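Peer 1:
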Amino acid sequence: MSAPAALEIRGLKKSFGPAEIIRGVDLVVPKGERHAVIGPNGAGKSTLFNLISGLLVPTSGEVVLNGARISGRPAFEINRRGLSRSFQVTNIFPRMSVFENIRCGVLWSANQKYAFWRGVQSAAGVAERTEKVLDEIGLTDRREVLAGVLTYAEQRALEIGITVAGGAEVILLDEPTAGMSRHETDRAVGLIRRISEGRTLMIVEHDMGVVFGLADRISVLVYGEIVATGPPAEIRASAKVKEAYLGEEAHA
Amino acid sequence: MSDTTASNSRSGETIRANPRSSALRAAGPWLLSAAALVALPFIFRSDTYLTVMSLMGIAIVFALSYNMMLGQTGMLSFGHAVYYGLGAYFVVHGMNWAIATRAPIPLPLMPLVGGIAGLGFAVIFGWLSTKRSGTTFSMISLGLAELVGSSSLILRTFFGGEEGITTNRTKLLRLTDWSFGSQFQMYYLIAAWCLISAVVMYALTRTPFGRMCNAVRENPERAQFVGYNPQVVRYIAFCLSGFFAGIAGALAGINFELANANLFGAAQSGTVLLATFIGGIGTFVGPVLGAVLVSYLQVMLSDITEVWQLYFGLMFIAVVMFAPGGLAGLVQMHAPVVRAGVIGRLMPSYLMAIVPALLLLLGVVMLIEMTVQLAVKQSEGPAMKLFGIGFNANQPWPWLLMVVLLASAYALFRLVSPRLSAAWDSARVTAAERGIVI
Numbered sequence: 115m116s117a118p119a120a121l122e123i124r125g126l127k128k129s130f131g132p133a134e135i136i137r138g139v140d141l142v143v144p145k146g147e148r149h150a151v152i153g154p155n156g157a158g159k160s161t162l163f164n165l166i167s168g169l170l171v172p173t174s175g176e177v178v179l180n181g182a183r184i185s186g187r188p189a190f191e192i193n194r195r196g197l198s199r200s201f202q203v204t205n206i207f208p209r210m211s212v213f214e215n216i217r218c219g220v221l222w223s224a225n226q227k228y229a230f231w232r233g234v235q236s237a238a239g240v241a242e243r244t245e246k247v248l249d250e251i252g253l254t255d256r257r258e259v260l261a262g263v264l265t266y267a268e269q270r271a272l273e274i275g276i277t278v279a280g281g282a283e284v285i286l287l288d289e290p291t292a293g294m295s296r297h298e299t300d301r302a303v304g305l306i307r308r309i310s311e312g313r314t315l316m317i318v319e320h321d322m323g324v325v326f327g328l329a330d331r332i333s334v335l336v337y338g339e340i341v342a343t344g345p346p347a348e349i350r351a352s353a354k355v356k357e358a359y360l361g362e363e364a365h366a
Numbered sequence: 056m057s058d059t060t061a062s063n064s065r066s067g068e069t070i071r072a073n074p075r076s077s078a079l080r081a082a083g084p085w086l087l088s089a090a091a092l093v094a095l096p097f098i099f100r101s102d103t104y105l106t107v108m109s110l111m112g113i114a115i116v117f118a119l120s121y122n123m124m125l126g127q128t129g130m131l132s133f134g135h136a137v138y139y140g141l142g143a144y145f146v147v148h149g150m151n152w153a154i155a156t157r158a159p160i161p162l163p164l165m166p167l168v169g170g171i172a173g174l175g176f177a178v179i180f181g182w183l184s185t186k187r188s189g190t191t192f193s194m195i196s197l198g199l200a201e202l203v204g205s206s207s208l209i210l211r212t213f214f215g216g217e218e219g220i221t222t223n224r225t226k227l228l229r230l231t232d233w234s235f236g237s238q239f240q241m242y243y244l245i246a247a248w249c250l251i252s253a254v255v256m257y258a259l260t261r262t263p264f265g266r267m268c269n270a271v272r273e274n275p276e277r278a279q280f281v282g283y284n285p286q287v288v289r290y291i292a293f294c295l296s297g298f299f300a301g302i303a304g305a306l307a308g309i310n311f312e313l314a315n316a317n318l319f320g321a322a323q324s325g326t327v328l329l330a331t332f333i334g335g336i337g338t339f340v341g342p343v344l345g346a347v348l349v350s351y352l353q354v355m356l357s358d359i360t361e362v363w364q365l366y367f368g369l370m371f372i373a374v375v376m377f378a379p380g381g382l383a384g385l386v387q388m389h390a391p392v393v394r395a396g397v398i399g400r401l402m403p404s405y406l407m408a409i410v411p412a413l414l415l416l417l418g419v420v421m422l423i424e425m426t427v428q429l430a431v432k433q434s435e436g437p438a439m440k441l442f443g444i445g446f447n448a449n450q451p452w453p454w455l456l457m458v459v460l461l462a463s464a465y466a467l468f469r470l471v472s473p474r475l476s477a478a479w480d481s482a483r484v485t486a487a488e489r490g491i492v493i
């Protein structure tokens, strides 16, 4: 008996005007799986993430999180239900300290809501949780620095930290290692492995080393459709995938 | 388990180090401010000073309320005077009602009436305007200001037309023998409300909501993906800001014993934007500095020159261009250099830079004043005086002199500026070497 589905995508479509970007995606991601989405540029990987996380509303089809339909709900509500995401382009709070950045990720899940009648210091568990995340992403020493002046790799780590700070069960990471050196990538992969422990992870990634090292299963998205889903070995062996994507990449 | 506690205690130290001393450090600036507010009337005794200081207190509350939106939440409003003006009207009506019905409400509580009025209208108007952010929000705020402004001329029974409505602050229930008739007593009423409002507004920045205001200012999209609805954050900020603007307006209404349409005019909305920005929107104290400076200049400059608003405009442009962090930003910029103990290195080049700065100021002021003399004050003739030297503005030589002055000021600046930036760089490098974060 396989694990129950954390995320279920059924017949998902998205058009921008006449252009159909996502052309009917069906995918089931079981609880606790690390699932990678790969595909050539323009395949619609980021659009797929935007649809799942509520940044975009699907034209048709639905997204189900832990048995509840989330498609069409606003992004903040989807986040409150336990799905959190990072962005391909670093998306942090630049003129706030690293500590504040992480704390903003913690507040809602610590049931602080819009409280303007009590101090943020006094909120139970918030500081501890923030410290723990800072420690996990290795930025404890940089806690007082403004997020905007961190190095690129540090900002990417902070981005992941904000994403996981609220303790979401389902994490979507959009190209977390893009633009990193080999060494930085290795560190980032270690971080992703740690933070996704016991959670469901969906990751868009171009670095095939990262993808094949990290993922339990891989889906290949080409022109808005999933052409194959399976364990890394199966994907590596698939002629269809080679033709559609890996081959193209190897020639490039 | 053991290693998480280890990391927590290490970082926990920096947060909870000695709670008593940190509580004192938090309360210290407020106790000092309170002491200063109590002492000021004994240092500046004249009625003029009391009047100016009362205006400053009102302006501080207004500017701080404005910065809850602009600086904290990133909402640029062009119509904040709406809530200020309505606060004034409601308090004046409230006072007249209390006087007529002999309601047992003492004057010191009356500003709350203005606050509640400001809040009430912010709840209504904010519901509309905070659905959008950025430029759209600014435009809606302008539209709402226009709407309320024109309503005031239509609803004459409430707004009293051009003259507005008046009241008498001494006729309310008295709890002590203070009637608040004198400016001295009025000053203390304003000072008390100013301090209370400032403490509360500061405390608001230290709440979960306050932090999310910053997050929404920085990156509203990201705020959604940590579970917050940016619209709700903006709406709450708008309402609370309206409350304190209403308090400020009520203080103005009580102070002048008058509420008229000027209080919520575009000029009033402009002034609070100016004051807040000149003081600096990036820090909590910035708007306080701006409110003090602008209120002072409004009184002082309007005595000296007819075109004082023009100088305000120039000052505003200068701040926006050269010191976008405002006065507080300039101070903050120097903090690491002072802590590193190398501020002395900047002094020689600062002293050198003062010369062209003063020449520039003199040149600009004279060009403006000569223009005004010729264009506006034709009836008084062209005769003017500078440092006791008489001259005629319709002759070419004073103009020539000023142009030469400006040109040499510019040349001097070019000469000094490399030295200035070199001094800056060396001071900052030293500060960084001494482990001070810039």
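These protein sequence lines map, in sequence, to chains W and A.
Take any residue in the first sequence, note its place counting from 1, add 114, and you have its number in my numbering.
Take any residue in the second sequence, note its place counting from 1, add 55, and you have its number in my numbering.
Note that beta-carbon positions come from the ideal geometry of N, C-alpha and C, so glycine has one too.
Owing to the predicted nature of the structure, the values given are computational and were not obtained by experimental measurement.
Apply the 10 Å Cβ neighbour rule to residue 489 of chain A and answer buried if 16 or more other Cβ atoms are within range, or exposed otherwise.
Peer 2: When all chains shown are included, residue 489 of chain A counts as exposed.
Peer 1: Determine the direct distance from the alpha carbon of residue 280 of chain W to that of residue 119 of chain W, and round the result to whole angstroms.
Peer 2: Distance between the alpha carbons of residue 119 of chain W and residue 280 of chain W: 21 Å.
Peer 1: Pairs of beta-carbons, one from the region 265–281 of chain W and one from the region 241–250 of chain W, closer than 8 Å: are there three or more?
Peer 2: Counting Cβ pairs under 8 Å, three or more are found: they touch.
Peer 1: Comparing C-alpha positions only, which one of W:343, W:133, W:137 and W:131 sits nearest to residue 125 of chain W?
Peer 2: Selected option, being the one with the closest Cα: W:137.
Peer 1: Decide yes or no for the touch test of the region 241–251 of chain A against the region 94–109 of chain A: beta carbon pairs closer than 8 Å, at least 3 of them.
Peer 2: A contact exists between the region 241–251 of chain A and the region 94–109 of chain A.
Peer 1: Excluding five sequence neighbours on each side, which residues of the same chain lie with their C-beta closer than 7 Å to the C-beta of residue 336 of chain W?
Peer 2: 153, 154, 157, 358 and 359.
Peer 1: Going by CA-CA distance only, name the one from A:298, A:82 and A:291 that's closest to residue 136 of chain A.
Peer 2: The shortest C-alpha separation from residue 136 of chain A is found at A:298.
Peer 1: So, helix, strand or coil for residue 186 of chain A, using DSSP?
Peer 2: Residue 186 of chain A falls in the coil class under three-state DSSP.
Peer 1: Quick one: grab the DSSP three-state call for residue 274 of chain A.
Peer 2: Note: residue 274 of chain A maps to coil in three-state DSSP.
Peer 1: Would you report the Cα separation of residue 202 of chain W and residue 324 of chain W, rounded to the nearest angstrom?
Peer 2: If I take the Cα positions, the gap works out to 16 Å.
Peer 1: Is it true that the CB of residue 275 of chain A sits closer than 7 Å to the CB of residue 263 of chain A?
Peer 2: For residue 263 of chain A and residue 275 of chain A, no; Cβs fall outside 7 Å.
Peer 1: Would you call residue 402 of chain A buried or exposed, if buried means 16 or more other Cβ atoms sit within 10 Å of its Cβ?
Peer 2: So residue 402 of chain A counts as exposed.
Peer 1: According to DSSP, is residue 124 of chain W helix, strand or coil?
Peer 2: Strand at residue 124 of chain W.
Peer 1: Starting from residue 142 of chain W, follow the beta strand (DSSP E) in both directions and report where the run begins and ends.
Peer 2: Its beta strand (DSSP E) spans residues 133–144.
Peer 1: Closer than 8 Å between beta carbons: that is the criterion. Which residues of the region 308–320 of chain W meet it against chain A?
Peer 2: From the region 308–320 of chain W, no residue has a Cβ closer than 8 Å to chain A.
Peer 1: What is the residue span of the beta strand (DSSP E) that residue 314 of chain W lies within?
Peer 2: It spans 314–318 - the beta strand (DSSP E) in which residue 314 of chain W sits, taken as one unbroken run.
Peer 1: Who are the Cβ neighbours of residue 485 of chain A in its own chain at under 7 Å, not counting the five residues just before and after it?
Peer 2: Excluding residues within five positions, the ones whose Cβ falls inside 7 Å are 395 and 397.
Peer 1: Note down, in chain order, each residue of its chain lying with its Cβ closer than 7 Å to the Cβ of residue 223 of chain W, except the 5 sequence neighbours on either side.
Peer 2: Here the set comprises 280 and 281.
Peer 1: Comparing alpha-carbon positions, which option in W:332, W:196 and W:219 lies nearest residue 205 of chain W?
Peer 2: The shortest Cα separation from residue 205 of chain W among W:332, W:196 and W:219 belongs to W:219.
Peer 1: Under DSSP, the alpha helix (DSSP H) around residue 159 of chain W begins and ends at which residues?
Peer 2: Unbroken alpha helix (DSSP H) run through residue 159 of chain W: 159–167.
Peer 1: Ignore the nearest five residues each way along the sequence and tell me which others in residue 66 of chain A's own chain have a CB closer than 6 Å to its CB.
Peer 2: Any reading at residue 66 of chain A must be qualified, since the residue scores a pLDDT of 40, below 50, and its modelled position is unreliable; the value itself is stated next. Around residue 66 of chain A: no qualifying Cβ.
Peer 1: Give the DSSP-derived three-state secondary structure of residue 342 of chain W in the structure shown.
Peer 2: Of the three classes helix, strand and coil, the one that applies to residue 342 of chain W here is strand, per DSSP.
Peer 1: Helix, strand or coil for residue 58 of chain A, going by three-state DSSP, please let me know.
Peer 2: Legend: pLDDT at residue 58 of chain A = 38, less than 50; position of this residue unreliable, no value from coordinates given.
Peer 1: Per DSSP, residue 178 of chain W is paired with what?
Peer 2: Its beta-bridge partners are W:122 and W:183.
Peer 1: At what residues does the beta strand (DSSP E) containing residue 445 of chain A begin and finish?
Peer 2: From DSSP, the beta strand (DSSP E) with residue 445 of chain A extends over 444–447.
Peer 1: May I have a chain-ordered list of the alpha helix (DSSP H) segments no shorter than 4 residues that lie completely inside the region 274–331 of chain W?
Peer 2: The qualifying runs are 296–309 and 322–328.
Peer 1: Output the distance between the C-alpha atoms of residue 159 of chain A and residue 165 of chain A, rounded to the nearest integer angstrom.
Peer 2: About 11 Å.
Peer 1: From the DSSP output, read off the bridge partner residues of residue 135 of chain A.
Peer 2: Bridge partners of residue 135 of chain A: none, in fact.
Peer 1: Mind listing the chain D neighbours of residue 323 of chain A? Cutoff is C-beta to C-beta under 9 Å, in chain order.
Peer 2: Looking for chain D here will not work: the only protein chains present are W and A.
Peer 1: Considering only their Cβ atoms, is the gap separating residue 378 of chain A from residue 384 of chain A smaller than 7 Å?
Peer 2: Contact flag set, yes.
Peer 1: When you measure from the CB of residue 289 of chain A to every non-hydrogen atom of the ligand ADP, does any distance come out below 6 Å?
Peer 2: Questions concerning the ligand ADP fall outside what the structure shown contains, since it holds no ligand whatsoever.
Peer 1: For residue 429 of chain A, which of helix, strand or coil comes out of DSSP?
Peer 2: Helix, per DSSP.
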